[in-house]
Amino acid sequence: METTFVSILGFAAAFCTTVSFIPQALRVIKTKHTKDLSLAMYSMFNIGILMWLIYGVLIDAWPVIIANVITLGLTLIILVLKIKYK
Numbered sequence: 852m853e854t855t856f857v858s859i860l861g862f863a864a865a866f867c868t869t870v871s872f873i874p875q876a877l878r879v880i881k882t883k884h885t886k887d888l889s890l891a892m893y894s895m896f897n898i899g900i901l902m903w904l905i906y907g908v909l910i911d912a913w914p915v916i917i918a919n920v921i922t923l924g925l926t927l928i929i930l931v932l933k934i935k936y937k
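Number 868 in this note's numbering belongs to position 17 of the sequence shown; there are no gaps in the numbering.
Here's what the structure looks like:
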């Protein structure tokens, strides 16, 4: 029972933090406007997400793995477009 609650909590937290990047990614894709986004922040954030993903794989933690695969995809889109559209 406790393990189920912990897993649900992990997936819920992962869902909230992951989907929070969808509006930003969609806006950047639509407007191509990235002037106000920090290149340093998105660079460091992507490095951190990659490390969380590796960590999740090493400990076989599916909530961590799934959330970070999706988040990395969304934030890499933003980072690539930030670099492209300067």
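Where is the CB? At the ideal position from N, CA and C, for every residue including glycine.
Here the structure is a predicted model, which means the values were calculated and not measured.
Boundaries (first-last residue) of the alpha helix (DSSP H) holding residue i
i: Phe896; result: 890-910
i: Ser858; result: 853-870
i: Thr922; result: 913-936
i: Lys881; result: 873-882
Per-residue burial, residue i [other beta carbons within 10 Å of its own, 16 or more giving buried]
i: Phe872; result: buried
i: Tyr936; result: exposed
i: Ile910; result: exposed
i: Leu860; result: exposed
i: Thr926; result: buried
Distance, residue j Cα to residue i Cα
i: Thr869; j: Ser858; result: 16 Å
i: Val908; j: His884; result: 34 Å
i: Glu853; j: Ile898; result: 32 Å
i: Thr921; j: Tyr906; result: Residue identity differs from the one stated: residue 921 is Ile in this sequence, not Thr. So the two alpha carbons sit approximately 15 Å from each other.
i: Pro914; j: Leu904; result: 10 Å
### Task
Take every Cβ of the stretch 853-866, pair it with every Cβ of the stretch 880-898, and state whether three or more of those distances are shorter than 8 Å.
The stretch 853-866, when compared against the stretch 880-898, does not touch it at the 8 Å Cβ threshold.
### Task
Would you check if there are 3 or more beta carbon pairs closer than 8 Å linking the stretch 924-936 to the stretch 888-898?
By the Cβ criterion, the stretch 924-936 is in contact with the stretch 888-898, since at least three pairs of Cβ atoms, one from each stretch, lie closer than 8 Å.
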